[in-house]
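So the structure is just underneath, and the comments pick up after that.
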Amino acid sequence: MGPPLVHTDDLNELVSRVTDLMSTHTVAPARAGGFSAEVFGFHLPDLSLLEMDYGMAVRLSADPLPGYVSVSVPLAGSMTASHQGRRFDAVAGRSAVVGTPASELVMDWDDALRLLVIRVDLDALRSFAGRLVTASPEQPDLEFDPVMDAPETMAVLGQVRLMQQVLADAGTGAMNPLVAAQLREQVMSTLLLGQPNSWMAALRHRPESAPRTTISEAAELMRIHADEALSIEGVARAVGLSVRALHAGFRRELDRSPKQYLQHVRLERARSDLVAAETGSGVRVIDVAHRWGFSHPGRFATAYRHHYGEAPAVTLARTLR
Numbered sequence: 029m030g031p032p033l034v035h036t037d038d039l040n041e042l043v044s045r046v047t048d049l050m051s052t053h054t055v056a057p058a059r060a061g062g063f064s065a066e067v068f069g070f071h072l073p074d075l076s077l078l079e080m081d082y083g084m085a086v087r088l089s090a091d092p093l094p095g096y097v098s099v100s101v102p103l104a105g106s107m108t109a110s111h112q113g114r115r116f117d118a119v120a121g122r123s124a125v126v127g128t129p130a131s132e133l134v135m136d137w138d139d140a141l142r143l144l145v146i147r148v149d150l151d152a153l154r155s156f157a158g159r160l161v162t163a164s165p166e167q168p169d170l171e172f173d174p175v176m177d178a179p180e181t182m183a184v185l186g187q188v189r190l191m192q193q194v195l196a197d198a199g200t201g202a203m204n205p206l207v208a209a210q211l212r213e214q215v216m217s218t219l220l221l222g223q224p225n226s227w228m229a230a231l232r233h234r235p236e237s238a239p240r241t242t243i244s245e246a247a248e249l250m251r252i253h254a255d256e257a258l259s260i261e262g263v264a265r266a267v268g269l270s271v272r273a274l275h276a277g278f279r280r281e282l283d284r285s286p287k288q289y290l291q292h293v294r295l296e297r298a299r300s301d302l303v304a305a306e307t308g309s310g311v312r313v314i315d316v317a318h319r320w321g322f323s324h325p326g327r328f329a330t331a332y333r334h335h336y337g338e339a340p341a342v343t344l345a346r347t348l349r
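In our numbering, each residue carries its 1-based index in the sequence shown increased by 28.
Shown next, in the form of structure tokens:
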């Protein structure tokens, strides 16, 4: 859920605090009394996650969103939204609302609504989309259909829950930047490739065939910079390919995805650190895992055991004997 950001029964305070988190809007409770609002959440570069529960039915009216896209996912209850000339329902487990700068967004929340809001910076989303396309980079402005159906809603929700878990374990300031970049890109990719938008035809264009030398260059880049906040889209940009072309080339030449290859390199480096540990050096498995981009010790241990047939702690203990 994230740390508490707002907890109030004062309507003016609520609107002021949430305006600071999102943008200008108004809130009109459906009845007098019984108003108690809670907002929890996390902030990452270019992306925020907020959970809202206002305790009663309200009408929320937001001006056209300034420079960001929002995905409002009911976790419980339902609401009716009006946006881009359409009026539709969003129901927990079935649908969500995509808000954009295109027009005012009006939402009528029911009493039971508990809402997850994902706020994505539009410039960051455009930049990421531009690096995914394999056709001409000259595309129309990035616009989204306001209605998100069940498959995309559940995909986004699953990715956000993973991100919330990692953030809760590490804390926003302590989150490994390698992991943060990967999780943020997963949310962006699902929004761009799953939700109908004005760039969808270009995003789904068949990728060009990447030369073998370019794939070798990308693999070498991963090996040299494996300890840095290296994202797959950053690697693709560095070698002059789209992310999709890079993925196709790695599958063709190395029989694995770029992400799988990068994890393989990082596992090798982690094993080298464990094998090279000296008695009295204070080396710990968790420190080695974090250095090489594995923020969850359990998942690191599982991947390591699958790759090397033993737990990382066993490797380290044998080295220190």
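For each residue, glycine too, the CB sits at the ideal point set by N, CA and C.
Under a three-way DSSP split, which group does residue i fall into?
i      : result
ASP38  : coil
PHE322 : coil
ALA341 : helix
GLY268 : coil
HIS253 : coil
GLY95  : coil
PRO179 : helix
ASP151 : helix
PRO31  : coil
GLY61  : coil
ASP81  : strand
MET203 : coil
GLU281 : helix
LEU258 : coil
ALA276 : helix
GLY127 : strand
VAL194 : helix
ARG333 : helix
Which partner residues of residue i appear in the DSSP bridge assignment?
i      : result
THR54  : SER89
ASN225 : PHE172
SER300 : None; SER300 has no bridge partner.
GLN107 : Looking at the sequence itself, residue 107 is Met, so the reference to Gln does not match. Per DSSP, ALA118, TRP137.
ALA247 : ALA247 pairs with nothing; no bridge assigned.
LEU72  : LEU75
PRO102 : LEU143
VAL161 : DSSP output for VAL161 lists no bridge partner at all.
GLU66  : HIS35, ASP81
In its own chain, which residues sit with a C-beta less than 6 Å from the C-beta of residue i, not counting the 5 before and 5 after it?
i      : result
ALA178 : ARG122
ARG87  : ALA56, ASP136
ASP81  : GLU66, ARG142
PHE322 : PHE328
ALA90  : HIS53, LEU133
VAL215 : GLN187
What does the Cβ neighbour count give for residue i, buried or exposed, with the cut at 16 atoms within 10 Å?
i      : result
PRO165 : The pLDDT assigned to PRO165 is 48, lower than 50, so where the model puts this residue is not dependable, and the model offers no usable value.
ALA246 : buried
ARG294 : buried
HIS111 : buried
PRO73  : exposed
ARG333 : exposed
THR181 : buried
ASN40  : exposed
THR343 : buried
PRO32  : exposed
ALA305 : buried
GLU79  : buried
GLN288 : exposed
SER300 : exposed
SER217 : buried
GLY113 : exposed
Taking 7 Å as the limit between beta carbons, can you name the residues of its chain near residue i, skipping five residues before and five after?
i      : result
VAL119 : PRO102, SER106
HIS35  : GLU66
LEU42  : VAL34, THR36, VAL55, ALA65
ALA266 : LEU249
VAL271 : ARG159, LEU160, ILE260, GLU261, ALA264
HIS335 : LEU295
ALA152 : ASP74
Are the beta-carbon atoms belonging to residue i and residue j less than 7 Å from one another?
i      : j      : result
SER44  : PRO92  : no
PHE328 : ALA317 : yes
ILE243 : GLU296 : no
VAL97  : LEU160 : no
LEU290 : PRO340 : no
LEU211 : LEU221 : no
LEU170 : ARG154 : yes
VAL126 : PHE172 : yes
GLY69  : LEU75  : no
VAL175 : PHE116 : yes
PRO205 : ALA257 : yes
PHE63  : MET84  : yes
SER226 : PRO168 : yes
ALA140 : ALA104 : yes
LEU195 : MET203 : yes
LEU274 : THR307 : no
Given 6 Å as the limit, tell me if residue i has its C-beta closer than that to any heavy atom belonging to the ligand ZN.
i      : result
ALA183 : For the structure depicted, the ligand ZN is absent and the ligand set is empty, with no information on it obtainable.
By Cβ distance, which residues of its chain are closer than 8 Å to residue i, with the 5 residues on each side in sequence left out?
i      : result
ALA298 : VAL316, ALA317, ARG319, TRP320, PHE322, PHE328, TYR332, PRO340
HIS292 : ARG284, HIS335
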